[in-house]
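*Asks:* Here it is: the structure, laid out below.
Number of protein chains: 4
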Amino acid sequence: MTIGPSTPVHRRLRAGIVGGGRGSFIGSIHRIAAEMDGRARVVAGAMSSVPEVARESAEAWFLERSYASFEAMARSEGGRDDGIDFVILAIPNCLHYPVAKAFLSAGIHVMCDKPLAVTLAQAEELARDVESGSLLFGVTYTYVGYPAVREARTLVQAGTLGELRRVNVEYFQDWLMEPIERTGNKQAAWRTDPAQAGPSCCVGDIGTHAENLLSFITGRSIRSLSADLSTFVPGRQLDDDANILLRLDGGAKGTLMCSQIACGEANRLSIRLYGSKAGLEWHQQEPNTLLVKPAGEPWQYRQTGQRYMSEAARAVTRTPAGHPEGYLEAFANIYRGFTEDVVRVTCGLEPVHDYPGVEDGVRGLQFVERVLASAGAGGTWVELP
Amino acid sequence: MTIGPSTPVHRRLRAGIVGGGRGSFIGSIHRIAAEMDGRARVVAGAMSSVPEVARESAEAWFLERSYASFEAMARSEGGRDDGIDFVILAIPNCLHYPVAKAFLSAGIHVMCDKPLAVTLAQAEELARDVESGSLLFGVTYTYVGYPAVREARTLVQAGTLGELRRVNVEYFQDWLMEPIERTGNKQAAWRTDPAQAGPSCCVGDIGTHAENLLSFITGRSIRSLSADLSTFVPGRQLDDDANILLRLDGGAKGTLMCSQIACGEANRLSIRLYGSKAGLEWHQQEPNTLLVKPAGEPWQYRQTGQRYMSEAARAVTRTPAGHPEGYLEAFANIYRGFTEDVVRVTCGLEPVHDYPGVEDGVRGLQFVERVLASAGAGGTWVELP
Amino acid sequence: MTIGPSTPVHRRLRAGIVGGGRGSFIGSIHRIAAEMDGRARVVAGAMSSVPEVARESAEAWFLERSYASFEAMARSEGGRDDGIDFVILAIPNCLHYPVAKAFLSAGIHVMCDKPLAVTLAQAEELARDVESGSLLFGVTYTYVGYPAVREARTLVQAGTLGELRRVNVEYFQDWLMEPIERTGNKQAAWRTDPAQAGPSCCVGDIGTHAENLLSFITGRSIRSLSADLSTFVPGRQLDDDANILLRLDGGAKGTLMCSQIACGEANRLSIRLYGSKAGLEWHQQEPNTLLVKPAGEPWQYRQTGQRYMSEAARAVTRTPAGHPEGYLEAFANIYRGFTEDVVRVTCGLEPVHDYPGVEDGVRGLQFVERVLASAGAGGTWVELP
Amino acid sequence: MTIGPSTPVHRRLRAGIVGGGRGSFIGSIHRIAAEMDGRARVVAGAMSSVPEVARESAEAWFLERSYASFEAMARSEGGRDDGIDFVILAIPNCLHYPVAKAFLSAGIHVMCDKPLAVTLAQAEELARDVESGSLLFGVTYTYVGYPAVREARTLVQAGTLGELRRVNVEYFQDWLMEPIERTGNKQAAWRTDPAQAGPSCCVGDIGTHAENLLSFITGRSIRSLSADLSTFVPGRQLDDDANILLRLDGGAKGTLMCSQIACGEANRLSIRLYGSKAGLEWHQQEPNTLLVKPAGEPWQYRQTGQRYMSEAARAVTRTPAGHPEGYLEAFANIYRGFTEDVVRVTCGLEPVHDYPGVEDGVRGLQFVERVLASAGAGGTWVELP
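Residue numbers (the numbering used here), protein chains in the order written: chain A, 1 to 385; chain B, 1 to 385; chain C, 1 to 385; chain D, 1 to 385.
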């Protein structure tokens, strides 16, 4: 007995990937995340600009179609009846803009790594393209995929925190504490190279994650900021550390800190919110717990998978409480929202946009630009749009 | 350009599943785990004994072939050129034996849920079948798939702990603290029914996980035990709680505790080992950390993904340090070892058996049987084979 | 201006100490604890059987009166108008009985270290003496002095846990993991010597603390037990490790574990209780937090010093929340209850006995005796009185 | 037998207290801390400006001498042969200056609460008085009394961290999140009143603790800062929250945050340091652990009381590892250093100044002044002297 007609709801979606070839960390992360729920399969790719690497990487993934360039891929897939439904961009920042343009032009939905582009102008142009067309565009701000982060947002929306007063978000790593860009580490090489990464390393790479997490949970934008940017590793061209004072719409104040030279920290992203009725605390490295601190009452330890969690949190949970969900599941939740939208629009339905989109990408670039402006002016307070 | 000839190394493995239909928790867990690394796809299934459920479940998973019975599936798949390479058993304990027999007879490798069978006799017969044949047989003792557990085993093997003295392993849940088997919970219904689960609920379902974790890390077997078994929920036929004293080969002593009525505990599996040179501690609910406690020195906090971790731990890690890996990744690691062996034997190579096998399944049943024997005799110390 | 007449409420109590001289760990602990609230001062002592040590130790403490023997001290202090109100026994187990007898005979209240005596018979005789007289007798089961432990007891008494089902109490140390009794450690020497410590080392020294903590919080007695006792350090005469199965009055079951060879553990005393409505968890090494786990709700993190804590907990708290209270404050809380009773009885009021007394001491010895009996009989279940 | 001649080494020191009467939190904290090691006794006091409260408070403490005013006390005690050796100031900030002056003039050593004074000018004058005289002056920056903080300083001094790059210190409370100064809370009333507290509430009260902790551990001064000060509770005259960017001597950068409106936080003081070789982390609410994070190695969990701790940490530890030491013991360690110096100078020896002194007090006021200057100028970077 054989199953499965060909309308999108009755078949798996077909995905393609640009980048992610041998030696890439993020490529297989994208593949696992995109395929986890069985709603999509990566079937085509232009996985490297080095032809042999592209071919071997595609073989290792059992891809059906391998291309030598993203242009060839966009052209070919856009014209096939069984072409890909969406493309994944797992490439250095400087390529986001041209590659996204190519696939949008070919009529293919795009899931793009963050930051959205190298310059704000590029990001804004992509946003105009997306807004004026009918294609979907996702940006993989992974960390908002965690169930506990969804719970946090739900609690804020429900007014549990009261008036928001203080926010503290931070993202500390140590992988760039030595000049490994000069000793063969490819990841480090492009991220510390202005030509490939754009005008910021640390703020662009992880500060934007922190900004997005803050914005996602609180629903508030940064109104103004004052930044102190540093480069601690001698000879490095871009920043590797930042301390930023924040003022949010609505009156809350706080800090955003990010560092890639914080010795001993692997990937310490955390957020604390303090309101007039309750506080909240979440740590990405123990992602299944959300601390809630109601005024005058014991702290609550809310755990992913428990029945008391909100519908929004439970909707992105795959296992019962006590079976830890991790980074890959959070990443897959971004893809889950995106692929559900792809199915919706293919069926003529309205998308619901339950994942970070091009507007988040633009806001990220605005943030980076203003941080650089403030730091360049000796820490002057700078307004955001 | 098209890729991919048909020898196993050059194609994805094909998997089938028995059970796991709509309403099953463990079915999609198996699928995600089996497919995560892109080395296998579930293509066929007999997902329910209710025909409509079987069909709809298969459609939801986009399976190529759906069967109304496991017998039909075994027969058909065993005879196809493009038949499945291995089958996944995601069914109540009482079905493990007949279904495993059917697929082994059809020449198909088997990955079976734990416990291996309802009786020790069944388990031993399966073991004889496997040992006398050339087919692979895995048992999904998931928790030994965690990188930190591999690290723990490596440290023990390297002698870091010195002479092992005390062991404490425990597995606490609370999901059976009310008689939910009488209010429509299917998972609870079969697990508390002797006809479907066998002679034990708590010890069979989770005590065996604890036993396996202990055995995996220490490399030691339980030599004798004294058990106190309880049923706290009135009207329940099987045990829901146990306290067991242990003596291991080589002289260590300790405890194994398991409970499904431990109010507030979701899935608290943990192990502590104390040797003459160091101690070890690991908690499944924070799986990316392994505490090592060398005599007279500060505790070490070993984290999954760090470069100082052993080769054995790094081999089953997919993300950099600080990107939490969870239960699904641990489960996928069991499948990774298994599918690599399937490829090996298909290519005529020797398997390496880096996953729990039929002998672990037999030992689990021996453990359950001896626990019941001891408890039945008022806690008498009972020897294991 | 001078303050202070001479009735006990208007003056500080006068305490004496036997033992605690130079080299003793517990002596100064007793002094700090007894004096912390300013209600008592140690003014006299027989601090060592070595005259020079006794004299120098008394000088170092600025004692008003130093004695060469406890007999001389009891006689002299019992006869003075400004004699001590109570005596502190900070001496090896084997001396508790004769010294306590001497001071009781001299009409002086007694605060005794645990275990109460070397044999159950001695303990019972002391209990008879106390019960037939009018003197107060405290036993320093320190750990029940913590505010969070008082909170735990209050919650149990209020029925928060529902029907108690499972209890797990454990006390792990590692200070005896090497044979330090043979290399000059005085503390280790007497504790591992049957002549001075009695028939048990580990169970007598720390198992009794665990038993007391369990009994204090739950209000339940151990009805029967099955014990596995070990001596891991070669050449040692007494036990250094024990695993004990418990059944409590009222139906709960569980374990009590204690060890002095648990490598890496300093003083890991913890208790977990699981009832039909909620669970509880407390760890002595993070004593200001009590975890409460109501069925189906988030865990609560109850913190010492918060206003939501019970009256019983707040009554023994000296600092606001977030100012950690430790072992010395817990110890001082035992003395606070005791000295308040000394003042009461001196004023002709009834004592309230809000501290461990001679009956706790007797129960501790019963526990030790039954553990030894069970272990000696191969783990047979043994009833307690 | 009677003990004890009258030279200071052979007698207890005599202390007096100004303030700390009924209703004061900090009064009994000072008494317990000053007396804990048995080297000093509080014997005299001017405990309240309300005569009846002063008298009753002195009786409750069994003081030998009670005074109606600090002036009378300074005069009288300065003239007695058995007068107090030192005085404790447990009074609102605005009284520190006049009371300290009075006792210094009377030839009596002073232990003063922080901040040292209301204005920098007052603080500098006190510093000149102390430097030009021969009297000792301590300031109770309590938190540097913890053994783990001493360990942290020792590790920094030993070069364990390498070149210091990033520092983050924070102190969060929530006790002022409602306007309790208007509903009868005396502590809140004076701290939020410029006339009694000086020009800052939050920064003066707890920001100075954070500054002192940072300076103590790193041995580095703040070179410049940029501050954002807030008052979140409507109607309050002084700040209740601050976010401050820091640059330290030697090149490290970072943040100092303090808040008294951080809902759910009791007394969350913590510090993190990141150097080129290792990181450090310490949390006051779990004070017995120091996390050390050497580059490329597992984190170390250093525990107070362990033999591997430095001499500096062990010198201020009273109990074995695993017996938690808390806030009172930290406070007592400040007094221990101070009273040892009192004995030294009384015997004609040089003091060693192992406790915060008047220079720490001055630096605290400089810090407060510069924070106010920066915040008043819209966050301009301001240099420190």
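The C-beta atom is built at its ideal place from N, Cα and C for all residues, glycine as well.
Measuring only between beta-carbons, confirm whether Trp282 of chain C sits less than 8 Å from chain B.
*Replies:* As a working note, residue 282 of chain C is residue 282 in the third sequence. By this cut-off, Trp282 of chain C is not an interface position.
*Asks:* Tyr301 of chain C touches chain A at which residues, Cβ-Cβ below 7 Å?
*Replies:* Walking along the third sequence from the start, residue 301 of chain C turns up at place 301. Under the 7 Å cutoff, chain A gives Pro298, Trp299, Tyr301.
*Asks:* What would DSSP say about Pro194 of chain C, mapped onto helix, strand or coil?
*Replies:* Residue mapping note: residue 194 of chain C aligns to position 194 of the third sequence, counting from 1. Three-state result, Pro194 of chain C: helix.
*Asks:* Below 8 Å, how does it come out for the region 243-260 of chain D and the region 301-320 of chain C: are there three or more Cβ pairs, yes or no?
*Replies:* Short answer: they don't touch.
*Asks:* Who pairs with Asp241 of chain D in a beta bridge, going by DSSP?
*Replies:* Here the question's residue 241 of chain D lines up with position 241 in the fourth sequence. Answer by DSSP bridge pairing, in chain order: D:Ser230, D:Ser259.
*Asks:* What whole-angstrom Cβ distance do Ala40 of chain C and Leu13 of chain C have, given they're in contact under 8 Å?
*Replies:* Walking along the third sequence from the start, residue 40 of chain C turns up at place 40. Walking along the third sequence from the start, residue 13 of chain C turns up at place 13. Correct: roughly 4 Å between the Cβ atoms.
*Asks:* In this structure, does DSSP put Glu248 of chain C in helix, strand or coil?
*Replies:* Here residue 248 of chain C corresponds to residue number 248 of the third sequence, with the count starting at 1. Per the sequence presented here, residue 248 of chain C reads as Leu, with Glu not at that position. Of the three classes helix, strand and coil, the one that applies to Leu248 of chain C here is strand, per DSSP.
*Asks:* Does the Cβ of Asp239 of chain C have 16 or more other Cβ atoms within 10 Å, making it buried, or fewer, making it exposed?
*Replies:* Taking the first residue of the third sequence as position 1, residue 239 of chain C is located at position 239. Asp239 of chain C is buried by the Cβ-count criterion.
*Asks:* Comparing alpha-carbon positions, which option in B:His109, B:His96, B:Arg65 lies nearest Ala123 of chain B?
*Replies:* Position 123 of the second sequence holds residue 123 of chain B. Nearest option by C-alpha distance: B:His96.
*Asks:* Which chain D residues are close to Phe232 of chain A, counting only those with a beta carbon under 7 Å from its beta carbon?
*Replies:* The residue labelled residue 232 of chain A in the question sits at position 232 within the first sequence. Within chain D, the residues near Phe232 of chain A are Arg165.
*Asks:* Could you give the DSSP three-state label for Tyr171 of chain C: helix, strand or coil?
*Replies:* In the third sequence, counting from the first residue as 1, residue 171 of chain C sits at position 171. Three-state DSSP puts Tyr171 of chain C in a strand.
*Asks:* What's the C-alpha gap between Asn288 of chain C and Leu256 of chain D?
*Replies:* Walking along the third sequence from the start, residue 288 of chain C turns up at place 288. Walking along the fourth sequence from the start, residue 256 of chain D turns up at place 256. So the alpha carbons of these two residues sit roughly 26 Å apart.
*Asks:* Along the chain, where does the alpha helix (DSSP H) containing Leu63 of chain D start, and where does it finish?
*Replies:* Translated into the one-based positions of the fourth sequence, residue 63 of chain D becomes position 63. No alpha helix (DSSP H) contains Leu63 of chain D, which DSSP labels as neither H nor E.
*Asks:* Within the 8 Å Cβ cut-off, does Arg307 of chain B reach chain G?
*Replies:* In the displayed structure, chain G is absent; the protein chains listed are A, B, C and D.
*Asks:* For the candidate residues D:Gln187, D:Phe25, D:Gly38, D:Gly23, whose alpha-carbon lies nearest to that of Ile29 of chain C?
*Replies:* Reading the third sequence from its first residue, position 29 is the one you call residue 29 of chain C. The shortest Cα separation from Ile29 of chain C among D:Gln187, D:Phe25, D:Gly38, D:Gly23 belongs to D:Gly38.
*Asks:* 8 Å is my cut-off, CB to CB: does Pro264 of chain C come that close to chain B?
*Replies:* Stepping through the third sequence from its first residue, residue 264 of chain C is reached at position 264. Strictly speaking, residue 264 of chain C in this sequence is Gly, with Pro absent from that position. Cβ-Cβ to chain B under 8 Å: yes for Gly264 of chain C.
*Asks:* Start and end of the alpha helix (DSSP H) containing Ala101 of chain A?
*Replies:* Here the question's residue 101 of chain A lines up with position 101 in the first sequence. The question names Ala, but residue 101 of chain A in the sequence shown is Lys. Start and end: 93-105.
*Asks:* Does any C-beta atom of chain A lie closer than 8 Å to the C-beta of Asp241 of chain D?
*Replies:* Reading the fourth sequence from its first residue, position 241 is the one you call residue 241 of chain D. Asp241 of chain D counts as touching chain A.
*Asks:* What residues in the region 353-367 of chain D bring their beta carbon closer than 8 Å to a beta carbon of chain C?
*Replies:* Under the 8 Å Cβ criterion, the region 353-367 of chain D contributes no residue.
*Asks:* Excluding the 5 residues preceding and the 5 following Arg236 of chain A in the sequence, name in chain order all residues of the same chain whose CB lies nearer than 6 Å to its CB.
*Replies:* Here residue 236 of chain A is taken as the residue at index 236 of the first sequence, counted from 1. Answer for Arg236 of chain A: Thr192, listed in chain order.
*Asks:* Which residues, in chain order, does the region 316-346 of chain D contribute to contact with chain C at a C-beta distance below 8 Å?
*Replies:* Cβ contacts with chain C come from Arg318, Thr319, Pro320, Ala321, Gly322, His323, Pro324, Glu325, Gly326, Tyr327, Leu328, Glu329.
*Asks:* Could you confirm whether any beta carbon from chain C is found closer than 8 Å to the beta carbon of Trp190 of chain D?
*Replies:* Locating residue 190 of chain D in the fourth sequence gives position 190, counting from the first residue. False, the Cβ-Cβ gap to chain C never drops below 8 Å.
*Asks:* My understanding is that Val42 of chain A touches Gly21 of chain A, with C-beta atoms under 8 Å, so please give their C-beta distance in whole angstroms.
*Replies:* Position 42 of the first sequence, counting from 1, holds the residue named residue 42 of chain A. Position 21 of the first sequence, counting from 1, holds the residue named residue 21 of chain A. Not really, about 13 Å apart at Cβ, beyond 8 Å.
*Asks:* From Leu214 of chain A to Lys114 of chain A, what does the alpha carbon distance come to, in whole angstroms?
*Replies:* Translated into the one-based positions of the first sequence, residue 214 of chain A becomes position 214. Translated into the one-based positions of the first sequence, residue 114 of chain A becomes position 114. Their Cα atoms are separated by approximately 16 Å.
*Asks:* Helix, strand or coil, according to DSSP, for Arg12 of chain A in the structure here?
*Replies:* Residue 12 of chain A sits at position 12 when you count from the first residue of the first sequence. Note: Arg12 of chain A maps to coil in three-state DSSP.
*Asks:* Pull up the distance between the alpha-carbon of Gly219 of chain D and that of Asn243 of chain A, whole angstroms please.
*Replies:* Here residue 219 of chain D refers to the residue found at position 219 of the fourth sequence. Here residue 243 of chain A refers to the residue found at position 243 of the first sequence. Each residue's Cα considered, the two are about 22 Å apart.
*Asks:* Does any C-beta atom of chain C lie closer than 8 Å to the C-beta of Pro51 of chain D?
*Replies:* Translated into the one-based positions of the fourth sequence, residue 51 of chain D becomes position 51. No - not a single Cβ of chain C is within 8 Å of the one on Pro51 of chain D.
*Asks:* Determine the DSSP secondary structure at Val352 of chain D, reduced to helix, strand or coil.
*Replies:* Taking the first residue of the fourth sequence as 1, we reach residue 352 of chain D at position 352. Residue state, collapsed to three classes: coil.
*Asks:* First and last residue of the alpha helix (DSSP H) that includes Arg41 of chain B?
*Replies:* Your numbering for residue 41 of chain B matches position 41 in the second sequence. It is not in any alpha helix (DSSP H) - Arg41 of chain B instead sits in the beta strand (DSSP E) that spans 40-46.
*Asks:* Would you tell me roughly how many angstroms separate the C-alpha atoms of Thr346 of chain A and Ala100 of chain A, rounded to the nearest one?
*Replies:* One-based indexing of the first sequence puts residue 346 of chain A at position 346. One-based indexing of the first sequence puts residue 100 of chain A at position 100. So the alpha carbons of these two residues sit roughly 20 Å apart.
*Asks:* Can you pull the chain C residues whose beta carbon is under 8 Å from the beta carbon of Thr160 of chain B, in chain order?
*Replies:* The residue labelled residue 160 of chain B in the question sits at position 160 within the second sequence. Neighbours of Thr160 of chain B on chain C: none; closest Cβ ~11 Å, over 8 Å.
*Asks:* Which residues of the region 175-200 of chain C have a Cβ closer than 7 Å to any Cβ of chain D? Give them in chain order.
*Replies:* Answer set for the region 175-200 of chain C: empty.
*Asks:* Tell me where the alpha helix (DSSP H) around Tyr327 of chain D begins and ends.
*Replies:* Locating residue 327 of chain D in the fourth sequence gives position 327, where the first residue counts as 1. Counting along the chain, the alpha helix (DSSP H) containing Tyr327 of chain D begins and ends at 327-346.
*Asks:* Comparing C-alpha positions only, which one of D:Val50, D:Ala321, D:Gly207 sits nearest to Glu297 of chain B?
*Replies:* On the second sequence, position 297 is the one that residue 297 of chain B refers to. Among D:Val50, D:Ala321, D:Gly207, the Cα nearest to that of Glu297 of chain B belongs to D:Ala321.
*Asks:* May I ask you to list the residues that DSSP assigns as paired with Gly275 of chain A?
*Replies:* Taking the first residue of the first sequence as 1, we reach residue 275 of chain A at position 275. Note: Gly275 of chain A sits in a beta bridge opposite A:Leu164.
*Asks:* Can you pull the DSSP bridge partners for Trp299 of chain C?
*Replies:* Here the question's residue 299 of chain C lines up with position 299 in the third sequence. BP columns for Trp299 of chain C point to A:Tyr301.
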